[in-house]
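Numbering (the numbering used here), first residue to last: 369 to 635.
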């Protein structure tokens with residue numbers, strides 16, 4: 369691809385378009401990708417989001433390559449920012465927009481039938497409970513000699529019986545050595561750990577779930593759902609929307625500043 373771009377540069381370029389057209393084209397591309405991925409993020413999954421990005425890459429790359437004859441190589445920067453704005457929109461903006469516009473509410477989930485990867489941020493349950501007797505705590509050495517404690521427990525339907533599958537696991541928001549007080553956690557609504565503000569700790573919680581399954585002789589699902597109990601899903605979705613909107617505004621700002629610096633450097 370780099371050789372293709374270099375060969376394309378060697379061709380005689382046409383008269384450059386006015387800078388304001390380049391600025392507008394970049395803004396259109398960045399925000400257009402965000403708009404395109406709003407419904408994909410709302411009704412699709414993480415896999416479908418990645419698949420759409422992969423499907424669009426080559427067509428948009430060759431379109432951008434053609435546009436370099438009119439706008440120069442700076443248009444590739446717009447392509448890069450557009451491919452950042454798409455997942456930002458799908459993973460953060462879509463669920464907040466869908467919820468507050470009434471297109472989709474926090475997802476109702478059947479414990480024993482629904483597992484695997486999902487793009488949902490929030491799960492709402494009815495007649496559910498934590499199995500305190502099967503909780504497990506995994507310790508990880510932290511910074512400055514401080515040990516972190518990762519507490520997990522099965523999150524099941526109220527009619528769960530011994531021998532039934534455990535597909536969903538709850539994590540305790542505290543990291544102290546003290547045993548988690550599960551009675552204070554909301555068993556009706558959970559936030560996907562992958563979309564929470566502690567998503568970076570997902571590998572440790574996954575290890576804790578694996579150890580719990582081994583210790584208590586549960587079958588480990590291929591993709592166990594790990595959720596953080598929350599009391600206010602509306603607030604979580606609002607914060608996600610604010611974060612996604614801030615990211616999109618930042619991408620637009622980067623493009624505008626980048627083009628202003630680029631044009632000033634060319635003078």
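All C-beta atoms, glycine included, are put in the ideal place defined by N, C-alpha and C.
These figures come from a predicted structure and were not determined experimentally.
Identified DSSP bridge partners for residue i
i: residue 593; result: 536
i: residue 498; result: 523
i: residue 586; result: BP columns for residue 586 are empty, so no partner.
i: residue 508; result: 516
Within 8 Å, strictly: CB atoms of residue i and residue j
i: residue 397; j: residue 450; result: yes
i: residue 637; j: residue 453; result: In the structure displayed, the chain extends from 369 to 635; residue 637 sits before or after that span and is not available.
i: residue 491; j: residue 558; result: yes
i: residue 533; j: residue 587; result: yes
i: residue 555; j: residue 493; result: yes
i: residue 598; j: residue 561; result: no
i: residue 457; j: residue 538; result: no
i: residue 508; j: residue 460; result: no
i: residue 522; j: residue 596; result: no
i: residue 423; j: residue 432; result: no
i: residue 417; j: residue 429; result: no
i: residue 489; j: residue 604; result: yes
i: residue 466; j: residue 535; result: no
As assigned by DSSP and simplified to three states, the class of residue i
i: residue 398; result: helix
i: residue 413; result: coil
i: residue 616; result: helix
i: residue 484; result: Confidence at residue 484 is low in this model, with a pLDDT of 48, below 50, so its placement is unreliable and the value that follows should be read with caution. Of the three classes helix, strand and coil, the one that applies to residue 484 here is coil, per DSSP.
i: residue 445; result: helix
i: residue 407; result: helix
i: residue 469; result: coil
i: residue 518; result: strand
i: residue 566; result: coil
i: residue 552; result: helix
i: residue 598; result: coil
i: residue 546; result: coil
i: residue 530; result: coil
i: residue 578; result: helix
i: residue 541; result: coil
i: residue 440; result: coil
Cutoff 8 Å; reference residue i; Cβ partners in own chain excluding five residues on either side
i: residue 495; result: 525, 526 and 527
i: residue 388; result: none
i: residue 421; result: 451, 454 and 455
i: residue 391; result: 623, 624 and 627
i: residue 515; result: 507, 508, 509 and 545
i: residue 435; result: 393 and 443
i: residue 567; result: 561
i: residue 570; result: 561, 562 and 594
Cut-off 6 Å between Cβ atoms - residues of its own chain near residue i, not counting five sequence neighbours on either side
i: residue 625; result: none
i: residue 426; result: none
i: residue 394; result: 446 and 623
i: residue 497; result: 526 and 555
i: residue 612; result: 456, 460 and 461
7 Å CB neighbourhood of residue i in its chain, flanking five on each side removed
i: residue 606; result: 464
i: residue 469; result: none
i: residue 576; result: 504, 506, 518 and 520
i: residue 499; result: 521, 522 and 524
i: residue 621; result: none
i: residue 408; result: 416, 417, 420 and 458
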